[in-house]
Amino acid sequence: TLPRNDANKRIKELLYIWNIRIYVEEYRKPSILLCELCQRASHATHQCAFSARCAHCAQTHDQQDCDNLEAPPKCANCGLDHKPTDPASVVYKALLATAKRNRHRRSRKRNHETTTNVD
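Residues in the sequence shown are numbered from 51 upward in steps of one, following the numbering used here.
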C-alpha cells in the first residue's frame, strides 16, 4: 500500500498501462462473514437456519438473555475462553486468511482480464 498523500492519489486516475486496462482501488481490509445469530461463519444473519448461540457463553440463547456475563467468554466455534470475534481466535484467524485469499484471487482474476486501448 502507498502512503496517503496528494501525489499517490493521482494513481487512481490511471486507466491504462501499455494499452492494458488497469483497476486501482484503495486497500480494503478483508471482512469475514460471521453470523450474529449462531456465531458460525460463511453465512449472513438473515440467511441463518441454525439456532441462536450466545456470543458470550456459546449456549443456545441470545446474548441479551445471557445470565453468564460475569463469567469469562466462551467461543461458540472452538470452545476456548474468548468471543467468536476475538482477533486472537484460531477460527477467526483462519476465516480472515480465507477472506484475504479469496479477495486476492478475485483481484488477480480481474487484473488478468485485459482490454486494448483503442484511442
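Beta carbons: idealized from backbone N, C-alpha and C, even for Gly.
Determine the contact status of Leu130 and Ala91, defining contact as a CB-CB distance below 8 Å. Walking along the sequence shown from the start, residue 130 turns up at place 80. Walking along the sequence shown from the start, residue 91 turns up at place 41. Not closer than 8 Å, so no.
Exposure of His154, with buried meaning 16 or more beta-carbon neighbours within 10 Å: As a working note, residue 154 is residue 104 in the sequence shown. So His154 ends up on the exposed side.
Meets three-Cβ-pair contact criterion under 8 Å: the stretch 101-118 and the stretch 57-76: Not touching, per the Cβ criterion.
What would DSSP say about Ala3, mapped onto helix, strand or coil? The chain is shown only over 51 to 169; residue 3 falls outside these bounds and no answer can be derived.
When the Cα of Val177 is compared with those of Ala94, Asp112 and Cys128, which residue comes out closest? Summary: the structure shown does not reach residue 177, with the chain confined to residues 51 through 169, and so no result is reported for it.
If you compare alpha carbons, which of Arg158, Ala149 and Arg156 is closest to His93? Numbered from 1 along the sequence shown, position 43 holds the residue referred to as residue 93. Residue Ala149 holds the alpha-carbon nearest to the alpha-carbon of His93 among Arg158, Ala149 and Arg156.
Residue of Cys85, Ala121, Gln114 and Thr95 minimising C-alpha distance to Thr135: Here residue 135 corresponds to residue number 85 of the sequence shown, with the count starting at 1. When only C-alpha atoms are compared, the closest one is Cys85.
So, with DSSP's three-state summary, where would you put Ala91? Sequence index remark: in the sequence shown, residue 91 carries index 41 (1-based). Three-state DSSP puts Ala91 in a strand.
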